[in-house]
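See below for the structure under consideration.
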Amino acid sequence: MTATTDTAAGLPPPGSEADLARRRAQEERLRKTWETPKGIRYWTAVNNTEVGVWYTATAFVFMLFAGLLALLMRAQLAVPDNDLISADLYNQAFTLHGTVMMFLFAVPIFEAVAIVILPQMLGARDLPFPRLSAFGFWSFVLGGVFVCGSIFFNAAPNAGWFMYPPLATDEEQSGIGADIWLLGLSFIEVASIAAAVELIIGTLKCRPPGMRINMIPLFAWYILIVAGMILFAFPPLIAGDILFEMERMFDWPFFDPERRGDPLLWQHLFWIFGHPEVYIVFLPAIALIAMIVPTFAQRPIVGYSWIVLAAVGTGFLSFGLWVHHMFATGLPTISLAFFSAASEAVAIPTGVQIFVFIATLLAGRVIFAVPMLFATGGLAIFVIGGLTGVMVALAPFDWQAHDTYFVVAHLHYVLIGGMLFPIVAGIYYFYPITSGKMLSMRLGKIGFWLMFVGFNVGFLPMHFTGLRGMPRRVFTYPGGLGFDWLNMVSTVGAFVFAAGVGVVVWDVVRPKSREPYAPRNPWNAGTLEWLTTMPGENWGVRSVPFITSRYPIWDQPNLIRDVDEGRGLLPDAEEMKRETLVTSVLDAEPIQCLRVPGNAWSPMIAAFTLGGVFIALTFKWWIPALVSGVAFFCVLMFWLWTSTSLIPEKPEKDVGGGLVLPLYRSGPASIGWWAMFITMTGDATAFASLVFGYFFYWTVHADFVIDGGGPGVLWPMIAMGLLLASWAVTLLARRWNSADRPLPARLALVTAAVLAGAGGAAGLMGPYTHGMAPTTDVYPAIVWILVIWTAIHAAVGVIMLLYCLARSLAGRMTAVYDIDMRNVALYAHFLAMTAVVTFAVVGLFPLIN
Amino acid sequence: MGSSIGKRRLARRAAAVFPAVLATGCTGPQSALDPAGREAETVAHLFWVMTIGGAVIWVAVLALAVYAGGLKRQPVSEAFAFRLIVWCGAAIPTVILAALLVYGLYLMPELRPWTREAAAEPGLKGHVTGEQFWWRVRYDLPEGAVESANEILVPVGRPVHLTLTSPDVIHSFWVPALAGKMDLIPGRTNRITFTATKPGVYRGVCAEFCGESHALMALTVRAVEPEEHARLIAAEARPAAVTAGAGLDLFIAKGCAACHTIRGTPAAGTVGPDLTHVGSRPTLAAATLPNDQAARERFLRHPDAVKPGIRMPAYDMLPPAEIETLARFLGDLT
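Residue numbers (this note's numbering), protein chains in the order written: chain P, 57 to 905; chain H, 193 to 526.
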């Protein structure tokens, strides 16, 4: 690899007429290639600069909606025995407030901001799967509007954002709201996981040359960690959602103690998701601070490897804390002691991260501006939340504080200090990148002080409200118990806080067409996203520089000039195709020039048809669900067929400076293979959660496995054998395809598909032939779930194998251009693993039990 | 919403149930910061220790951040800044947290034993069931079980062992002045042990969201000296004070007995609270209303207006005279 200055060799001398003409022609082609469509077709845009901004704005609209619900609740609680709103409306309001803030704001806002700035930060033109981003966005909009809109029909979920059964499984008491919660959010969770897959690959594989893994911006590190956490945290919730919806829809008794189900299984699955969720929300906000602090201290971060390790440590520990949400459920005291210890331990890496910021400020010459104001204010608030977190982590104290306003105060100190304030800091900081304009420093200061004072007036008293005995989730309280005036103060504070949010929102949306553009790199930052011109261009980066520093703009002389003059890589779009670089994971050596797909309707239509399935299921409209599902399948096939694994017109191209890169890679070198691997890791986590459910019941009930009531051994073993045979034949197909023997490869594909289909069916035969009735007891129910899960995966395998066959017949899959075959073979590994585990558990485990 | 105006007035009176406690100027009858039980005292102490320690840490961190961000004249060296991360970010917190954890773990077996066997010491034994939206209370006395509702009588200075279950949804039993909370989970039996240290009337609530009227599911715990307790429990075990008359006839005729028990009479329903001594309880409808004639009449007429989602049907079709008779009868069940 060569440095940027060397790649200039062979170009006309800088500043010459010929050089200017070359640059103008390149810019013209790039602009045309990355152009955003006009009119109605604007909504087909998939570029991160469009989708990311839509995503951010939509998440904020949902946040404001949930904030209004909070004001409604505060108004109701201002005085004792208030009757402003009914108990049922209040219950809907707090359920929706928590749900929307968590699922429609806190998680999506991080993905949205990352979609906007991550590619810029990594000197990439776009994320590797722009259509997937667009699909995720449209899913998010549809699912979010569906969930939020329910309250206007008095049909919102009303059982709390944690949806504990049996209250939330009770049809009469929770109504259709619970289905809206389960199906609406499952749909959004799928979109969140899709975004996580994309962000992981974007960080690992789409960096500028030279940016080794120990040089990536801290924001990218955090995105990598958080996206990884999403991959392991969301699937248990999806598994829980499946069990939950099966109970609601078909009366399978997973959480019904009368039929040996257990409501605590839901609590475990929910909090195995729910606790990492807190850090999934908090870490990206810390990531923003980690970009802001060095800029305003005008020096590199102190302790780069410490903060990275601390963030990784936080991520790991966050999966071992979930039981501290269940301290009062009567679990053995000894296990509470363990989870108390783990919960205290997580404060240590958090402390390291905070002191990295303080140390960086100490070692720098600090410029104080609005982003720093919000960052510092957020820190002041968050530290209180962290300290009360240490308090509630101790089980004895939690027995008092749990489910009281003390915890309401604690979690808002954590989330508003650790998430909302940093996000606002990030908005003031990054706003010029999206619009070229600066936000008002005056409005920012007013907004900050209103928010800061209002927040503390509102939430500090709640610590005492809670310890004086006020439980959470009460629509009213009697007077004279010692918390009347505390509640009034909280309500006043909440409205002051809301006024501050209003000022910030006004600053963002007020018309700015008469204001001048910001100077380039207005904060004098050191990282690549500030290469952007004001206003920015859709192409992201003019040409991709070679990176030798963590803060290249500060440390690499002439970097901006070289990039602008197209002396980096990919300075042109000769074929008028959207391209970005793919690099190796650790050392960021360029390995491919990736063609990314452009604008299309298919992501939006796919999202709406898939959403249609979920929405129709909520109302048990089976036919519309089926129709929508078939439509989704067709759109998906069209999307895959026309825009993935395209055979390029030439095998490789010169990306500038004499560097020639292939246009097509398959197997582990390709991003598609990674996407499959990461997605299937999440999928396997959901599967593992279902298996966990099986063994959870086994630990609860000594006689969980009913003698003679299982699926037998024969059918499970036949199913396992068939699916393993399908796996072996799939691998043969891959080998023959690579050996350029299309005929045997195609025959193998057909054989593998038949075997997989037969294997899935044989799996279902076990419980079917043994007359296992899933509504009678939890044992047959969980066995059915495991075999259905496996059968569905086998069916997806069949579709994939036949897709490969079609691609081969159509000449779109050859011995060299074999992404499809390689990815399906990877899927086959996971399918084989699923089959072995499922059929060993349902068929063999009863024998040794 | 005329009924809600009435509700407000009645609820104001409900607060008057605790005048003695309010007069002392404490933080309230439902406060964990005004402990009257052994566990609550320990935890309140723990709270103040942690709060003061936390406040000191917060001031120190903020002072350092403000100094670093705005007040200092010269940047410190990178080596010094790095040492700050190691010491203040990692080493000192580790020591503080370890000490706190050891203290917390040391407290735990004392408050809630490691094993269930260790909990089986002498003391008052009982069973509490959380139901939407009230508390079924049963005293397991040597001479037999005695059922009551929404009020628990406990002896000062003696441990109280309660088993906790729920037939419908998850509830949580929490009397802040006495001890921390414990959930009541369908299909599971949990246990809680506490010891009251001061005589008094303490208010408890359901702390796990349990449906529409979760906010209106409270109870009272009356802690009295052991001799007084023995007397009160003996009274609780006796059959009803009134076992004949127009009130009881109405009670039976209007179907109340299908759900409620009045011991000593043919009324033996088990769906709703036992009403044998309902007149002696300080509150009505799970500590939602004061126990007076007006409140009883109102509750009989429109239970749903007091407690949305309640399972008891409205009796507003009865003539006022009958409502009055019924309410007076219930009040006489002391």
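Glycine included, each C-beta is placed from N, C-alpha and C at the ideal position. Small disclaimer: the values here were computed from a predicted structure and weren't measured.
Query raised in the report: In three-state terms, what does DSSP make of His-452 of chain H?
Result: Residue numbering aside, residue 452 of chain H sits at position 260 when the second sequence is read from its first letter. In the structure shown, His-452 of chain H sits in coil (DSSP, three-state: anything other than H, G, I, E or B).
Query raised in the report: So, is the C-beta of Ala-330 of chain H closer than 9 Å to a C-beta in chain P?
Result: Numbered from its first residue, the second sequence carries residue 330 of chain H at position 138. Reading off the sequence, residue 330 of chain H comes out as Arg, not Ala. By this cut-off, Arg-330 of chain H is not an interface position.
Requested in this report: Look at the alpha carbon of Arg-355 of chain P and the alpha carbon of Phe-411 of chain P, and state the distance between them as a whole number of angstroms.
Outcome: Indexing the first sequence from 1 puts residue 355 of chain P at position 299. Indexing the first sequence from 1 puts residue 411 of chain P at position 355. Spanning the two alpha carbons is a distance of roughly 16 Å.
Query raised in the report: Of all the CB atoms in chain P, is at least one closer than 9 Å to the CB of Asp-360 of chain H?
Result: Within the second sequence, the letter at position 168 stands for residue 360 of chain H. Yes, Asp-360 of chain H lies at the interface with chain P (some Cβ there is under 9 Å from its Cβ).
Report task. Determine which residues share a DSSP beta bridge with Met-374 of chain H and list them. Result -> If you number the second sequence from 1, residue 374 of chain H lands on position 182. Answer by DSSP bridge pairing, in chain order: H:Phe-365.
Report task. Check Asn-382 of chain H in the structure and name its three-state DSSP category. Result -> Against the second sequence, residue 382 of chain H aligns to sequence position 190. Three-state DSSP puts Asn-382 of chain H in a strand.
Query raised in the report: Counting pairs of beta carbons, one from the segment 332–344 of chain P and one from the segment 472–490 of chain P, are three or more of them closer than 8 Å?
Result: yes
Requested in this report: Measure from the C-beta of Arg-383 of chain H to each C-beta in chain P and report whether the shortest distance is under 9 Å.
Outcome: Position 191 of the second sequence, counting from 1, holds the residue named residue 383 of chain H. Yes, because at least one Cβ of chain P sits closer than 9 Å to the Cβ of Arg-383 of chain H.
Query raised in the report: What separation, rounded to the nearest whole angstrom, lies between the Cα atoms of Gln-324 of chain H and Pro-175 of chain P?
Result: Position 132 of the second sequence holds residue 324 of chain H. Position 119 of the first sequence holds residue 175 of chain P. Using only the alpha carbons, I get a separation of about 53 Å.
Query raised in the report: By how many angstroms is the C-alpha of Phe-161 of chain P removed from the C-alpha of Phe-116 of chain P?
Result: Start at 1 with the first residue of the first sequence, and residue 116 of chain P comes out as number 60. Start at 1 with the first residue of the first sequence, and residue 161 of chain P comes out as number 105. Straight-line Cα distance between these residues: approximately 7 Å.
**Report entry** Phe-551 of chain P beta carbon less than 9 Å from that of Ile-437 of chain P
**Finding:** Numbered from its first residue, the first sequence carries residue 437 of chain P at position 381. Numbered from its first residue, the first sequence carries residue 551 of chain P at position 495. It is not a contact, given that the beta carbons lie outside the stated cut-off.
Query raised in the report: Can you tell which of P:Ala-795, P:Gly-108, P:Arg-528, P:Pro-309 has the C-alpha that lies nearest to the C-alpha of Met-877 of chain P?
Result: As a working note, residue 877 of chain P is residue 821 in the first sequence. Ranking the options by Cα distance to Met-877 of chain P, first place goes to P:Ala-795.
Query raised in the report: Quick one: what does DSSP say Leu-214 of chain H is sitting in, helix, strand or coil?
Result: For the purposes of this step, residue 214 of chain H is taken as the residue at position 22 of the second sequence. Because the pLDDT at Leu-214 of chain H is just 38, under 50, the model does not fix this residue reliably, and the value given afterwards should be weighed accordingly. Here Leu-214 of chain H sits in helix by DSSP.
**Report entry** Straight-line Cα distance separating Ser-269 of chain H from Val-358 of chain P
**Finding:** Here residue 358 of chain P corresponds to residue number 302 of the first sequence, with the count starting at 1. Here residue 269 of chain H corresponds to residue number 77 of the second sequence, with the count starting at 1. Looking at the two C-alpha atoms, the distance is approximately 10 Å.
Query raised in the report: When the Cα atoms are used, what is the spatial distance from Leu-787 of chain P to Gly-258 of chain P?
Result: On the first sequence, position 731 is the one that residue 787 of chain P refers to. On the first sequence, position 202 is the one that residue 258 of chain P refers to. When rounded, the distance between both Cα atoms is 29 Å.
Query raised in the report: Which of helix, strand or coil does DSSP assign to Leu-642 of chain P?
Result: Sequence index remark: in the first sequence, residue 642 of chain P carries index 586 (1-based). Three-state DSSP puts Leu-642 of chain P in coil, outside helix and strand.
**Report entry** Under 9 Å from the C-beta of Phe-274 of chain H: neighbouring residues of chain P
**Finding:** Numbered from its first residue, the second sequence carries residue 274 of chain H at position 82. Ordered by position in chain P, the residues that pass the 9 Å Cβ test against Phe-274 of chain H are Val-358, Gly-359, Trp-362, Ala-415, Ala-419.
Report task. Starting from His-331 of chain P, trace the alpha helix (DSSP H) both ways and give me its first and last residue. Result -> Along the first sequence, one-based indexing puts residue 331 of chain P at 275. Looking at the DSSP string, the run of the alpha helix (DSSP H) that includes His-331 of chain P is 319–353.
Query raised in the report: Using the beta-carbon count (16 or more within 10 Å), is Arg-87 of chain P buried or exposed?
Result: Here the question's residue 87 of chain P lines up with position 31 in the first sequence. So Arg-87 of chain P counts as exposed.
Query raised in the report: From Pro-264 of chain P to Ala-644 of chain P, what does the alpha carbon distance come to, in whole angstroms?
Result: Residue 264 of chain P sits at position 208 when you count from the first residue of the first sequence. Residue 644 of chain P sits at position 588 when you count from the first residue of the first sequence. The straight-line gap from Cα to Cα measures roughly 7 Å.
Query raised in the report: Would you say Ile-141 of chain P faces chain H, with C-beta separation under 9 Å as the test?
Result: Here residue 141 of chain P is taken as the residue at index 85 of the first sequence, counted from 1. For Ile-141 of chain P, the answer is no, since every Cβ of chain H falls outside 9 Å of its Cβ.
Query raised in the report: Would the segment 279–288 of chain H and the segment 401–411 of chain P be scored as touching if the rule is three or more Cβ pairs under 8 Å?
Result: yes
Query raised in the report: Going along the chain, which unbroken runs of the alpha helix (DSSP H) with 4 or more residues stay wholly within the segment 382–416 of chain P?
Result: 389–401
Query raised in the report: Interface residues of chain H around Ile-342 of chain P at Cβ under 9 Å?
Result: In the first sequence, the residue the question calls residue 342 of chain P occupies position 286. Those within 9 Å of Ile-342 of chain P in chain H number zero; the least Cβ separation is about 13 Å.
**Report entry** Three-state class that DSSP yields for Asp-360 of chain H in the structure shown
**Finding:** In the second sequence, residue 360 of chain H corresponds to position 168, counting from 1. Looking at Asp-360 of chain H - three-state DSSP - the assignment turns out to be coil, as it is neither helix nor strand.
Requested in this report: Could you list which residues in chain H have their beta carbon closer than 9 Å to that of Met-177 of chain P, in chain order?
Outcome: Residue 177 of chain P sits at position 121 when you count from the first residue of the first sequence. Within chain H, no residue comes near Met-177 of chain P; the closest Cβ sits about 24 Å away, beyond 9 Å.
**Report entry** Residue interval of the alpha helix (DSSP H) (run including Leu-198 of chain P)
**Finding:** To locate residue 198 of chain P, count along the first sequence from 1; it is residue 142. Per DSSP, Leu-198 of chain P belongs to the alpha helix (DSSP H) from 186–205.
Query - Backbone secondary structure at Ser-726 of chain P - three-state DSSP - result: Reading the first sequence from its first residue, position 670 is the one you call residue 726 of chain P. It is coil, neither helix nor strand.
**Report entry** Contact set between Arg-529 of chain P and chain H, taken where Cβ atoms lie within less than 7 Å
**Finding:** What you label residue 529 of chain P is simply residue 473 of the first sequence in a count that begins at 1. The contacting residues are Phe-401, His-406.
Query raised in the report: Listing by chain order, which chain P residues have their CB less than 9 Å from the CB of Phe-491 of chain H?
Result: On the second sequence, position 299 is the one that residue 491 of chain H refers to. Result: empty, since nearest Cβ-Cβ is about 15 Å, beyond 9 Å.
Query raised in the report: Looking at the C-beta of Ala-506 of chain H, does it have a partner C-beta in chain P at a distance below 9 Å?
Result: Reading the second sequence from its first residue, position 314 is the one you call residue 506 of chain H. No, Ala-506 of chain H does not count as interfacial toward chain P.
Query raised in the report: Which bits of chain P does Thr-286 of chain H rub up against, with CB to CB less than 8 Å?
Result: Within the second sequence, residue 286 of chain H is the residue found at index 94, counting from 1. Within chain P, the residues near Thr-286 of chain H are Ile-404.
Requested in this report: Please confirm if Val-314 of chain P has its CB atom under 9 Å from at least one CB of chain H.
Outcome: On the first sequence, position 258 is the one that residue 314 of chain P refers to. Going by the sequence as given, residue 314 of chain P is Glu instead of Val. Yes - at least one Cβ of chain H is within 9 Å of the one on Glu-314 of chain P.
Query raised in the report: Based on Cα-Cα distance, which residue from P:Ile-141, P:Phe-430, P:Leu-719 lies nearest to Glu-705 of chain P?
Result: Against the first sequence, residue 705 of chain P aligns to sequence position 649. It is P:Leu-719.
Requested in this report: Please say whether Phe-430 of chain P and Phe-504 of chain P have beta carbons closer to each other than 9 Å?
Outcome: In the first sequence, counting from the first residue as 1, residue 504 of chain P sits at position 448. In the first sequence, counting from the first residue as 1, residue 430 of chain P sits at position 374. Cβ distance < 9 Å, so Phe-504 of chain P and Phe-430 of chain P count as in contact.
Query - chain H residues whose Cβ lies nearer than 7 Å to that of Leu-443 of chain P - result: Taking the first sequence and counting its residues from 1, the one referred to as residue 443 of chain P is at position 387. In chain order: Gly-246, Ile-249, Trp-250.
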